[in-house]
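J.: Reminder that position 196 of the sequence shown reads as 603 in this note's numbering, one-by-one numbering, no gaps.
Okay, handing you the structure first.
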Amino acid sequence: MVHQLKASRSGTKGHMTRSIGLINGYANKVMNQQEANSLEVLEGKLKGLYETYVIASRDILEKLRASKATQEELDEEQTITLQTQDEILGARAIIKQKKQEWLDDERDRRLLTLFQATNQASNLAANQATSQAQMAQLIAQIVAAIPAPPAPVINVTAAPAPAPAVQSIRLPQRQIKHFRGDVLEWTQFWESFNAAVHSSSLSNVQKFDYLKEYLKGEAYLLVNNLELTDANYQVAIDE
């Protein structure tokens, strides 16, 4: 009966030895997801085999004691069991080490990914802010580069009678598209505004009021804080 138990245990020990050999091969490997999965499968297999081995060893020891085996036989059995236990502990140490290496590497990869994403978002935000500032500066330069139209020449053929001060003048019915800061639309806007407002006989204060009305977005922000005065109308055009 003892011989049958030892033969069965020997077969289990053979499978364990092969699994332990495979696990030992991971000692110098660089872990990745596939290697981590394979090692986990080997760990589960070795655990099941060792549980079967322990049960068989316990049964063998009980049979030896029941059959009045010699102390030498009992000591030999204990030695075999302890040697196998040492092999299992060595394999488990490798499994634990390689699992920790994989977890550390995975954590570092995730931290690196997070850092790169955060850095990219920061750069994008900085680039957007820079683009907006450059756009505002470009608009101001374009406006400053456009000269104010010359004052109209009036041919006087007779001394006109003094006219009362003009309180308000109705502009011609002309559609002026709002200017929002797109440099590609500036020329079209200025031509319309110049013809309808700037070249009219309105006071500069009234012209400035109309200018503010037709500016939107970034273009409006450039003149929003200027008070409605004759001097500031010229400042707004020069900007």
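For every residue, glycine included, the Cβ atom is placed at its ideal position computed from N, Cα and C.
Hey, could you find the ends of the alpha helix (DSSP H) threonine 636 is sitting in?
T.: Taking the first residue of the sequence shown as position 1, residue 636 is located at position 229. For threonine 636, no alpha helix (DSSP H) encloses it, and the DSSP letter there is neither H nor E.
J.: Use the C-beta contact count for serine 417: other C-beta atoms within 10 angstroms, 16 or more gives buried, fewer gives exposed.
T.: Counting from 1 along the sequence shown, the entry for residue 417 is found at position 10. Exposed, since its Cβ has fewer than 16 Cβ neighbours within 10 Å.
J.: Taking the beta carbon of threonine 419 as the centre, do at least 16 other beta carbons fall within 10 Å, making it buried, or is it exposed?
T.: As a first step, residue 419 is located in the sequence shown; it is residue number 12 there, counting from the start. Classification of threonine 419: buried, given that the 10 Å Cβ count is 16 or more.
J.: Take asparagine 611 and list the residues in its own chain whose beta-carbon comes closer than 6 Å to its own, dropping the five residues that flank it on each side.
T.: For the purposes of this step, residue 611 is taken as residue 204 along the sequence shown, with counting starting at 1. These residues qualify, in order along the chain: Asp637, Tyr640.
J.: Starting from leucine 622, follow its DSSP beta bridges and name the residues at the other end.
T.: Position 215 of the sequence shown, counting from 1, holds the residue named residue 622. Answer by DSSP bridge pairing, in chain order: Phe586.
J.: Let me confirm a value: glutamine 595 is counted as buried when at least 16 other C-beta atoms fall within 10 Å, else exposed. Which label applies?
T.: In the sequence shown, the residue the question calls residue 595 occupies position 188. Glutamine 595 is exposed by the Cβ-count criterion.
J.: DSSP state of serine 426, grouped into three classes?
T.: Within the sequence shown, the letter at position 19 stands for residue 426. Helix, per DSSP.
J.: When the distance is taken between beta carbons, is isoleucine 546 closer than 8 Å to alanine 603?
T.: Start at 1 with the first residue of the sequence shown, and residue 603 comes out as number 196. Start at 1 with the first residue of the sequence shown, and residue 546 comes out as number 139. Going by C-beta atoms, alanine 603 is not nearer than 8 Å to isoleucine 546.
J.: Have a look at alanine 572 and serine 606 and give me their C-alpha separation to the nearest angstrom.
T.: Position 165 of the sequence shown, counted from the start, is the residue given in the question as residue 572. Position 199 of the sequence shown, counted from the start, is the residue given in the question as residue 606. Model confidence at alanine 572 stands at a pLDDT of 45, short of 50, so the residue's coordinates are unreliable; what they give is reported in the following sentence. Going by the C-alpha atoms only, they are around 18 Å apart.
J.: So, helix, strand or coil for leucine 471, using DSSP?
T.: Here residue 471 refers to the residue found at position 64 when the sequence shown is read from its first residue. In the structure shown, leucine 471 sits in a helix (DSSP, three-state: H, G or I).
J.: Considering only their Cβ atoms, is the gap separating alanine 498 from asparagine 431 smaller than 8 Å?
T.: Along the sequence shown, read from residue 1 onward, the residue named residue 431 stands at position 24. Along the sequence shown, read from residue 1 onward, the residue named residue 498 stands at position 91. Taking 8 Å as the Cβ cut-off, asparagine 431 and alanine 498 qualify as a contacting pair.
J.: What I want to know is whether the C-beta of phenylalanine 615 ends up closer than 7 Å to one or more non-hydrogen atoms of the ligand MG.
T.: As far as ligands go, the structure on display features none, and thus does not contain the ligand MG.
J.: Leaving aside the five residues before and after tyrosine 621 along the sequence, list all residues of the same chain whose C-beta is less than 7 Å from its C-beta, in chain order.
T.: Sequence index remark: in the sequence shown, residue 621 carries index 214 (1-based). These residues qualify, in order along the chain: Ile583, His585, Phe586, Phe600.
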